[in-house]
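Everything below concerns the one structure shown next.
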Amino acid sequence: MTQLQITAFGDPSVLKLNPSLDKVPAEGEVRVRICYAGVNPIDAKTRAGLGWAAAQNKDKLPWTPGYDVAGVIEKLGPGVSAFKEGEPVCGMVGFPLAGGGYAESIVVSERELVKLDGVSLKQGAALPLAGLTAWQGLFEHGGLKGGQRVLILAGAGGVGHLAVQFASAYGAEVVVTASKDNHVFLHGIGASKMVDYHDADWVAQVGPVDLVLDLMGGESGKAALACVAKGGKLVTVPTLTAQLIKDAGAALGVEVTGMLVHPDTRQLAQMLILLRQGGAHITLAGEHTLAEGALAHQALERGHTRGKLVLRMPAAERYPA
Ligand SMILES: NC(=O)c1ccc[n+]([C@@H]2O[C@H](COP(=O)([O-])OP(=O)(O)OC[C@H]3O[C@@H](n4cnc5c(N)ncnc54)[C@H](OP(=O)(O)O)[C@@H]3O)[C@@H](O)[C@H]2O)c1
43 MTQLQITAFG DPSVLKLNPS LDKVPAEGEV RVRICYAGVN PIDAKTRAGL GWAAAQNKDK
103 LPWTPGYDVA GVIEKLGPGV SAFKEGEPVC GMVGFPLAGG GYAESIVVSE RELVKLDGVS
163 LKQGAALPLA GLTAWQGLFE HGGLKGGQRV LILAGAGGVG HLAVQFASAY GAEVVVTASK
223 DNHVFLHGIG ASKMVDYHDA DWVAQVGPVD LVLDLMGGES GKAALACVAK GGKLVTVPTL
283 TAQLIKDAGA ALGVEVTGML VHPDTRQLAQ MLILLRQGGA HITLAGEHTL AEGALAHQAL
343 ERGHTRGKLV LRMPAAERYP A
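Count along the sequence shown from 1, add 42, and you get the number used in my numbering.
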């Protein structure tokens, strides 16, 4: 099998295809023939040498990025009871250190996977990390309740467009920041108010909200503190600027929480039900082959993808998307 690896941190050109042997699953593990892998900003940040996963992996290169996979169970290790060979699955795997999704196959614990029933492999690969971040940010950390007003910064991105749909399905009033080009799209998936962050008075346009899901961090996250109503809170998702925003929140008396997404197959299964029932849909900004992984990273780093990007493996041809 082939995997897309880095042997040094750097720009997208450090991603190189390397041949490797399929691993044999041990007790409780399965081998998945990957059809699609999701691409997330943390993959690009770690590739560039930024953040906690890069610091932890710096002496363990080569490293294969990728935490989101969807494919077909190819081989069962001893004692595996939850899956059968040939079943389609998806999962958030090897998070946060091992990664390994930018590959034609991966061996993981059966506990990391969920059956894909009535949801395509492509949607299954695009969902896990972004969906879990949106879900946990809104509900676990943000404590969002139906009828509340929530502001989602960067509503059009991978996490944002799922957060819009989850919050709206939950009965919240959803306000988003996005460039004008994305306003019709965001209205179509459940946002009731769209604010262009290029406008100097965007904070005033938003008005008071019970919760901010800050997917931008930095100066945008700091500015959004002014939108938080009394008793409300701001959940800041990008880890690199979380402390900056917590400090700014403390100075203003606004509750700020940082977060790190965690794998949760129960939540993943709930989101898959929502997808299957048509309550949410993942917009794909693009699809690249494994060999073109650098193009996907370049697109993400330009910062304006709408929805998610996925990498397509050769096995995708053998199974319906
Ligand atoms: N802590 C964690 O566990 C965790 C988990 C997942 C993600 N994250 C972080 O969360 C952030 C969002 O992730 P993502 O996957 O959603 O990113 P993404 O898909 O790359 O976000 C792209 C979106 O950002 C929007 N955008 C760019 N500049 C903006 C601005 N100034 N204001 C509002 N929107 C803007 C773009 O919309 P326009 O085209 O309209 O500009 C685009 O749709 C990333 O920093 C990521 O690393 C953290």
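For glycine and all other residues, C-beta sits at the position ideal for the given N, C-alpha and C.
Considering only residues of the same chain and omitting the five flanking positions on each side of R191, which have a CB-CB separation below 6 angstroms?
Scanning its chain for C-beta atoms nearer than 6 angstroms, with the 5 sequence neighbours on each side dropped, one finds around R191 the residues E215, V251, D252, in chain order.
Which residues mark the beginning and the end of the beta strand (DSSP E) in which Q337 is found?
Inspection of the sequence shows that residue 337 is occupied by Leu rather than by Gln. Taken as a continuous stretch (DSSP letters only), L337 belongs to no beta strand (DSSP E), being part of the alpha helix (DSSP H) at 335 to 344.
Unbroken alpha helix (DSSP H) run spanning N224, endpoints:
Per DSSP, N224 belongs to no alpha helix (DSSP H) and is neither H nor E.
State yes or no: is the C-beta of A365 nearer than 7 angstroms to some heavy atom of ligand 1?
The requested residue 365 is not part of the displayed model; the chain covers only 43 to 363.
Does at least one heavy atom of ligand 1 sit under 7 angstroms from the Cβ of I287?
Answer for I287: no, Cβ out of range of ligand 1.
Determine contact between the stretch 51 to 62 and the stretch 131 to 143, defined as no fewer than three beta-carbon pairs at a distance below 8 angstroms.
no
Backbone secondary structure at P250 - three-state DSSP
coil
Alpha carbon to alpha carbon, how far is G335 from K350?
14 angstroms
Count the other CB atoms within 10 Å of the CB of I84; is the residue buried (16 or more) or exposed (fewer)?
Around the CB of I84, 16 or more other CB atoms lie within 10 Å, so the residue is classed as buried.
Same chain, Cβ closer than 6 angstroms to V217, five either side skipped, listed in chain order:
L193, K235, V248
Taking a contact to mean a Cβ-Cβ separation below 8 angstroms, would you say A211 touches L316 in this structure?
yes
Residues bridged to Y361 by DSSP?
Paired residue(s): none; Y361 is not in a bridge.
Nearest to L155 by CA position, among H346, E329, H229, S123, is which residue?
S123
Is G166 closer than 8 angstroms to V150 when the C-beta atoms are compared?
The beta carbons of V150 and G166 sit no closer together than 8 angstroms.
What span of residues does the beta strand (DSSP E) with M134 cover, start to end?
130 to 134 is the extent of the beta strand (DSSP E) around M134.
Does DSSP put E146 in a helix, a strand or coil?
In this structure, E146 counts as coil in the three-state DSSP scheme.
Spatial neighbours of D238 in its chain, beta-carbon cut-off 8 angstroms, leaving aside the 5 residues before and after:
T219, A220, S221, K222, H225, W244
Under 8 angstroms, with one C-beta from each stretch per pair, do the stretch 307 to 321 and the stretch 290 to 297 reach the 3-pair mark?
no
Mind listing, in chain order, the continuous beta strand (DSSP E) runs of no fewer than 3 residues lying wholly within the stretch 152 to 222?
155 to 157, 191 to 195, 215 to 219
Report yes if the C-beta of T281 is less than 7 angstroms from at least one heavy atom of ligand 1; otherwise report no.
Result yes, Cβ under 7 angstroms from ligand 1.
Per DSSP, which residues does G47 bridge with? Please list them.
In the sequence as displayed, the identity of residue 47 is Gln instead of Gly. According to DSSP, which records beta bridges pairwise, Q47 is partnered with K58.
What three-state label does DSSP hand G141 in the structure shown?
coil
Is DSSP giving D110 helix, strand or coil here?
strand
With DSSP as the reference, please indicate the residues paired to K65 in a beta bridge.
K65 is not bridged to any residue.
In the DSSP assignment, find the unbroken beta strand (DSSP E) run with A79 in it and report its ends.
71 to 81
Coil, strand or helix - G230 by DSSP
helix
Buried versus exposed, by CB contacts within 10 Å (16 or more), H339:
buried
Which of the three DSSP states is assigned to R348 in this structure?
Looking at R348 - three-state DSSP - the assignment turns out to be coil, as it is neither helix nor strand.
Tell me the rounded alpha-carbon separation between K264 and L282.
In this model, K264 and L282 are separated by some 13 angstroms (Cα to Cα).
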